[in-house]
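Participant: Just dropping this structure here.
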DNA sequence: TACTTTTGCCTAACAGCGTTAGGTAAAGTA
DNA sequence: TACTTTACCTAACGCTGTTAGGCAAAAGTA
């Protein structure tokens, strides 16, 4: 094959085009069908060019994970600002988390259910620490005002997050159950959590 | 290469040997490194022989999923029989579920976090319905005796399961946190759940 | 016994994957 | 002009799941 004339190509950052193309593929066909070769074809370059911009496939995926954590943090922050009462803030956080998982399934899947190897800790994604700090704030406030001021906020944060994550991932295992029921279950669980804090 | 003399081979069911070998590989090296070719090599047959016994790779994996659901159901049942009080039964179930996930990580991963395509529903794994029925029994009992007899038992079952699953999967995302802390979080969440029922 | 069919098992391939070695040709620089 | 850097390519390696087609021995049948 003759070398492709690249005058047609947008000179814009190839790296950005790789990411954009990859993301489109993921949204249209899911993570499993994302492949370096198909990205290369889509951006109209040969395969090794991809490796000029990313060390390997994992690096591309990691980039998206970072984006996901940033977006989640931003959404949580926005949600928190809408409320002042700690209990209301917790409800707002749960709601925002739920919406994020629904609206950005690809991100959520990648961030929490794809088992990114070697990236379990907050060191790999600093944004995860941001999330933790934000969520722990109203929890701590509620504990201090409540009847069990000696409760461990970190433990409670952990419980809270687990509950949310559990509901979201079980939801995808139970295709039948309607979205409404799922939301009811979550509200129920969150209310229970808040009640236990106060 | 000359055809292998099969007198050495155990004449025992090849199908069983395939499964045993595959399971050993999974336990030693994890799901990702399970491959038809490596199974074939290990059982000392050529690749197509595997396809004489299983339609494809997914069929092998599905077999393990079935085994997992059966084992979980058995464990839950045993745990329930140890207690008579509904609240105690719920605690026992949570404990058994937790232990199952810890002891049989490969099963748990496969059953709930690997996204078996096309097998979300109970139709695919009848054992999942057994699990639901068993867990709902003490939950229903507790609701009837409690202050909110109109609560929906299915909803509560859903909440309960989600909480457990959340804790378990978040645990694997937070490599740092010790097993003890994890267990504390779970006991805390389960106690909160029970309190909300009564 | 002689012939046919079935069984058991194989090699070799197809199409896809992530990744890399090595080469060409144009562009920039001394 | 000569040299280096840049941009990009082809072709391969080794891995994956899956399948087509063939050979040889065993089993069934006339």
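Protein chains in written order, with my numbering: chain A, 390 to 587; chain B, 390 to 587. Glycine included, C-beta positions come from ideal geometry on N, C-alpha and C. Model, not experiment: these values are computed from the prediction.
Taking Cβ to Cβ, would you say residue 551(A) is nearer than 8 Å to residue 559(B)?
Facilitator: Contact: yes.
Participant: If you drop the 5 nearest sequence neighbours on each side, which residues of the same chain put their C-beta closer than 8 Å to that of residue 583(B)?
Facilitator: So the qualifying residues of the chain are 476, 479, 480 and 531.
Participant: Do residue 403(B) and residue 425(B) count as a contact pair if the criterion is CB distance below 8 Å?
Facilitator: No, the Cβ-Cβ distance between residue 425(B) and residue 403(B) is not below 8 Å.
Participant: Using the beta-carbon of each residue, which ones in chain A are nearer than 9 Å to residue 552(B)?
Facilitator: By Cβ distance, chain A contributes 548, 551, 552, 555, 556 and 578.
Participant: Taking just the CA atoms, how far does residue 574(B) sit from residue 421(B)?
Facilitator: If I take the Cα positions, the gap works out to 30 Å.
Participant: Along chain A, in chain order, which residues have C-beta atoms closer than 7 Å to that of residue 502(B)?
Facilitator: Chain A residues near residue 502(B): 502.
Participant: Mind listing which residues of the segment 514-529 of chain B have their C-beta closer than 8 Å to chain A's C-betas, in chain order?
Facilitator: So nothing in the stretch comes that close.
Participant: Can you tell me whether DSSP reads residue 434(B) as helix, strand or coil?
Facilitator: Coil, per DSSP.
Participant: Would the segment 534-547 of chain A count as touching the segment 529-544 of chain B if we require 3 or more Cβ pairs under 8 Å?
Facilitator: With the cut-off at 8 Å, the segment 534-547 of chain A and the segment 529-544 of chain B do not touch.
Participant: Between which two residues does the alpha helix (DSSP H) harbouring residue 568(B) extend?
Facilitator: It spans 568-586 - the alpha helix (DSSP H) in which residue 568(B) sits, taken as one unbroken run.
Participant: Measure how close the beta-carbons of residue 486(A) and residue 457(A) come, nearest whole angstrom, since I'm counting them as under 8 Å.
Facilitator: Actually they do not touch by this definition, with Cβ atoms about 12 Å apart.
Participant: Assuming residue 520(A) and residue 455(A) are in contact, meaning their beta carbons sit under 8 Å apart, how far apart are those beta carbons, in whole angstroms?
Facilitator: Wrong, their Cβ atoms sit about 13 Å apart, outside the cutoff.
Participant: Would you kindly check if the distance between the Cβ of residue 410(A) and the Cβ of residue 436(A) is under 8 Å?
Facilitator: Not in contact: residue 436(A) and residue 410(A) (Cβ atoms no closer than 8 Å).
Participant: Report the rounded CA-to-CA distance for residue 483(B) versus residue 498(B), giving the unit in angstroms.
Facilitator: So the alpha carbons of these two residues sit roughly 17 Å apart.
Participant: Any C-beta of chain A sitting closer than 8 Å to the C-beta of residue 489(B)?
Facilitator: Chain A contact via Cβ: absent.
Participant: Starting from the C-beta of residue 554(A), find all residues in its chain whose C-beta is less than 8 Å away, skip the five residues before and the five after it, and write them out in chain order.
Facilitator: 501.
Participant: Along the chain, which unbroken stretches of the alpha helix (DSSP H) at least 4 residues long are found entirely within the segment 433-501 of chain B?
Facilitator: Those alpha helix (DSSP H) runs which fall completely within the segment 433-501 of chain B and span 4+ residues are 436-442, 446-470, 475-492 and 494-497.
Participant: For chain A, check one thing: does any of its Cβ atoms lie closer than 8 Å to the Cβ of residue 499(B)?
Facilitator: No, no contact with chain A.
Participant: Chain A beta carbons: is any one of them nearer than 8 Å to that of residue 582(B)?
Facilitator: Taking Cβ atoms only, chain A reaches closer than 8 Å to residue 582(B), which makes this a yes.
Participant: Could you compute how far the alpha carbon of residue 491(B) sits from the alpha carbon of residue 460(A)?
Facilitator: Their Cα atoms are separated by approximately 32 Å.
Participant: Relative to the C-alpha of residue 572(B), which candidate in 557(B), 405(B), 451(B) and 516(B) has its C-alpha closest?
Facilitator: Taking only the C-alpha atoms, the option nearest residue 572(B) is 557(B).
Participant: Rounded to a whole number of angstroms, what is the C-alpha to C-alpha distance between residue 450(B) and residue 569(B)?
Facilitator: Spanning the two alpha carbons is a distance of roughly 32 Å.
Participant: Once DSSP output is grouped into helix, strand and coil, what is the label at residue 519(B)?
Facilitator: Here residue 519(B) sits in helix by DSSP.
Participant: Count the other CB atoms within 10 Å of the CB of residue 585(A); is the residue buried (16 or more) or exposed (fewer)?
Facilitator: Per the 10 Å Cβ criterion, buried.
Participant: Could you confirm whether any beta carbon from chain B is found closer than 8 Å to the beta carbon of residue 570(A)?
Facilitator: It does; some Cβ of chain B falls within 8 Å.
Participant: Does chain B have any CB closer than 8 Å to the CB of residue 585(A)?
Facilitator: Interface residue, yes.
Participant: Please work out which residues of its chain come closer than 8 Å, Cβ to Cβ, to residue 338(B), disregarding the five sequence neighbours upstream and downstream, and give them in chain order.
Facilitator: Nothing can be reported for residue 338(B): it is not among the residues displayed for chain B, which extend from 390 to 587.
Participant: Are the C-beta atoms of residue 423(A) and some chain B residue less than 8 Å apart?
Facilitator: For residue 423(A), the answer is no, since every Cβ of chain B falls outside 8 Å of its Cβ.
Participant: Given 7 Å as the limit, tell me if residue 496(A) has its C-beta closer than that to any heavy atom belonging to the ligand GDP.
Facilitator: Among the components modelled here there is no ligand, and therefore nothing to report on the ligand GDP.
Participant: Output yes or no for whether 8 Å exceeds the beta carbon distance between residue 414(A) and residue 408(A).
Facilitator: The answer is no: Cβ separation not under 8 Å.
Participant: Would you mind reading off the limits of the alpha helix (DSSP H) that contains residue 414(B)?
Facilitator: Counting along the chain, the alpha helix (DSSP H) containing residue 414(B) begins and ends at 403-418.
Participant: Alpha carbon to alpha carbon, what distance is there between residue 462(A) and residue 464(B)?
Facilitator: About 39 Å.
Participant: Kindly say whether residue 450(B), judged by its beta-carbon, lies nearer than 8 Å to any beta-carbon of chain A.
Facilitator: No - not a single Cβ of chain A is within 8 Å of the one on residue 450(B).
Participant: What three-state label does DSSP hand residue 424(A) in the structure shown?
Facilitator: Coil.
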